[in-house]
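Below you'll find the structure, written out as structure tokens, and then a few comments.
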Ligand code: DX5
Ligand code: ZN
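Residue numbers (the working numbering): 58 to 276.
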């Protein structure tokens, strides 16, 4: 049975002067997840926000599921801080060299869900051994670092490969697609096995957000 679809709006495309309001817009729609993109200016050539932003959103009353995407060269140094700040799920990238399995174990020990992410050019085989350890695989459909880029359809076979492993091995992780997702390409992501849809620009620019959310829920 495929997982029901989840829409995870990316706060990166929200109003950075009023992030609590942007998170509030998501909650008002009845959505459960909020995607938080954390960038270190090293693994990716951009900066975004840090644990204090999550903590501030919690203090402002947000009860959304904080789907926290760490685009960091040394994520293992920041796991505790993000868990303490209110992350519900922490996703780390496979590309930098550190102890991925130990870092996932630490995320779980802090009562957070565990995710592994891979860039468009990174083969599925690099995460294969970690699949039994994770709750979510994040498949980047743009090169990470910036919102508003174009979706890369060439990633779809990799999505299908990860979905095939999930089915044949009896695994139950979610498959999240992230980057350039909109209502035009979400159906092909769903067909290839995606069930969790990050949407930054397309969501926050949508004039009819309830219709956007309903379209994803119907996939
Ligand atoms: C990119 C981030 C994405 C980004 C998506 O580095 O990981 O989550 O916010 O934004 P859009 O939907 O605008 O591509
Ligand atoms: Zn992201």
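Ideal Cβ positions, reconstructed from N, Cα and C, are used throughout, including at glycine.
Note that this is a predicted model, so its numbers are computed, not measured.
Which one of the options has the shortest CA to CA distance from residue i?
| i | options | result |
| --- | --- | --- |
| residue 122 | 241, 100 and 68 | 68 |
| residue 97 | 88, 107 and 90 | 107 |
| residue 272 | 74, 100, 86 and 71 | 86 |
| residue 150 | 238, 117, 194 and 209 | 194 |
| residue 163 | 180, 226, 143 and 132 | 132 |
| residue 165 | 238, 185 and 140 | 140 |
| residue 88 | 115, 254 and 210 | 254 |
| residue 78 | 261, 274 and 276 | 261 |
| residue 198 | 182, 161 and 256 | 256 |
| residue 142 | 93, 75, 65 and 210 | 93 |
| residue 234 | 200, 80, 152 and 224 | 200 |
Does residue i come within less than 7 Å of chain D when only Cβ atoms are used?
| i | result |
| --- | --- |
| residue 68 | As a matter of chain content, chain D is missing from the structure shown, which is built from one protein chain. |
Pull up the DSSP beta-bridge partners for residue i, would you.
| i | result |
| --- | --- |
| residue 197 | 235 |
| residue 172 | 148 and 193 |
| residue 64 | 254 |
ask   = Along the chain, which unbroken stretches of the beta strand (DSSP E) at least 3 residues long are found entirely within the region 66-99?
value = 90-96
query = Which ranges would you report for the alpha helix (DSSP H) in the region 93-142 if only whole runs of at least 4 residues count?
reply = Whole alpha helix (DSSP H) segments, 4+ residues: 108-116 and 136-142.
ask   = How would the residue list near ligand 2 read, in chain order, if you kept each one whose beta-carbon is closer than 5 Å to any heavy atom?
value = 94, 126 and 235
query = Between the region 222-234 and the region 179-198, do three or more beta carbon pairs fall short of 8 Å?
reply = yes
query = Just checking, does the region 263-270 make contact with the region 244-251 on the three C-beta pairs under 8 Å criterion?
reply = Counting Cβ pairs under 8 Å, fewer than three are found: no touch.
query = Between the region 209-224 and the region 153-160, do at least 3 Cβ pairs fall closer than 8 Å?
reply = no
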